[in-house]
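Q: To start, I am sharing the structure in question, which I have written as structure tokens.
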Amino acid sequence: MTHRSRLAGFIIDCQTDDLDRAAAFWSQALGLHVADPDSGGLGLYAEFGDAPGGLHVEVQKVEHPSRVHLDIEADDVNAEATRLEALGAKKVAFVRERWWVMEAPTGQRFCVVPMREDTRREPPNHWP
Numbered sequence: 001m002t003h004r005s006r007l008a009g010f011i012i013d014c015q016t017d018d019l020d021r022a023a024a025f026w027s028q029a030l031g032l033h034v035a036d037p038d039s040g041g042l043g044l045y046a047e048f049g050d051a052p053g054g055l056h057v058e059v060q061k062v063e064h065p066s067r068v069h070l071d072i073e074a075d076d077v078n079a080e081a082t083r084l085e086a087l088g089a090k091k092v093a094f095v096r097e098r099w100w101v102m103e104a105p106t107g108q109r110f111c112v113v114p115m116r117e118d119t120r121r122e123p124p125n126h127w128p
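Residue numbers (full-length UniProt numbering): 1 to 128.
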């Protein structure tokens with residue numbers, strides 16, 4: 001069975017107690033407006049609007065050291081994680097039974113998340 005995937009966007013992980021302040025900084029630094037200051041209603045994510053190319057960009061409140069990571073979105077997160085494992089990536093954790101945290105062979109962390117259908121974006125890649 002085939003599946004589809006593509007670059008979803010960039011997540012700015014911030015080790016902070018003040019998500020609003022972190023989002024305000026990155027909003028001004030990137031020239032993007034905060035479209036949803038509490039995406040998901042958990043006080044963990046602030047989502048920006050109108051990012052170039054329709055990419056998803058957000059600030060995420062985290063407990064680990066601050067960093068930036070990318071998300072790959074897929075219509076089948078398990079099939080995509082398996083494909084990436086075959087390329088040398090490692091599964092780190094399955095989060096909220098929705099997405100995979102993975103690690104590239106070179107050590108960078110990234111996530112495989114459910115696909116958002118967005119007609120403004122380039123079509124996804126199709127994988128066997």
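Beta carbons: idealized from backbone N, C-alpha and C, even for Gly. Values in this document were obtained by computation on a predicted structure and should not be read as measured data.
Just to check my reading of the structure: Val112 and Val77 have Cβ atoms closer than 8 Å, yes? What is that Cβ distance to the nearest angstrom?
A: Working through the sequence shown from its first residue, we reach residue 112 at position 112. Working through the sequence shown from its first residue, we reach residue 77 at position 77. Yes, they are in contact, since the Cβ atoms of Val112 and Val77 sit about 5 Å apart, within 8 Å.
Q: Under a Cβ-count criterion, where at least 16 other Cβ atoms within 10 Å of its own Cβ denotes burial, should residue 142 be classed as buried or exposed?
A: Lying before the first or after the last residue shown, residue 142 is absent from the chain, which here runs from 1 to 128.
Q: Buried or exposed for Ala29, please, with buried defined as at least 16 other CB atoms from any protein chain shown within 10 angstroms of its CB.
A: On the sequence shown, residue 29 is found 29 positions in, with the first residue counted as 1. Label assigned to Ala29: exposed.
Q: So, with DSSP's three-state summary, where would you put Gln15?
A: Within the sequence shown, residue 15 is the residue found at index 15, counting from 1. Here Gln15 sits in coil by DSSP.
Q: Let's see if you can read the secondary structure: which residues bound the beta strand (DSSP E) around Val92?
A: Along the sequence shown, read from residue 1 onward, the residue named residue 92 stands at position 92. Per DSSP, Val92 belongs to the beta strand (DSSP E) from 90 to 95.
Q: Should Ala93 and Ala81 be called a contact, given that it needs their Cβ atoms to be closer than 9 Å?
A: Position 93 of the sequence shown, counted from the first residue, corresponds to residue 93. Position 81 of the sequence shown, counted from the first residue, corresponds to residue 81. Contact: no.
Q: Taking the alpha carbon of residue 214 as the reference point, which residue from Ala74, Asp75, Gly53, Leu42 has its own alpha carbon closest?
A: Only positions 1 to 128 of the chain appear in this structure, which leaves residue 214 out of reach.
Q: Tell me, please, which residues DSSP counts as bridged to Gln60.
A: Locating residue 60 in the sequence shown gives position 60, counting from the first residue. Answer by DSSP bridge pairing, in chain order: Asp13, Tyr45.
Q: Strictly by DSSP, which residues pair up with Met102?
A: For this step, residue 102 is matched to residue 102 along the sequence shown. Looking at the DSSP assignment, Met102 forms a beta bridge with Lys91, Phe110.
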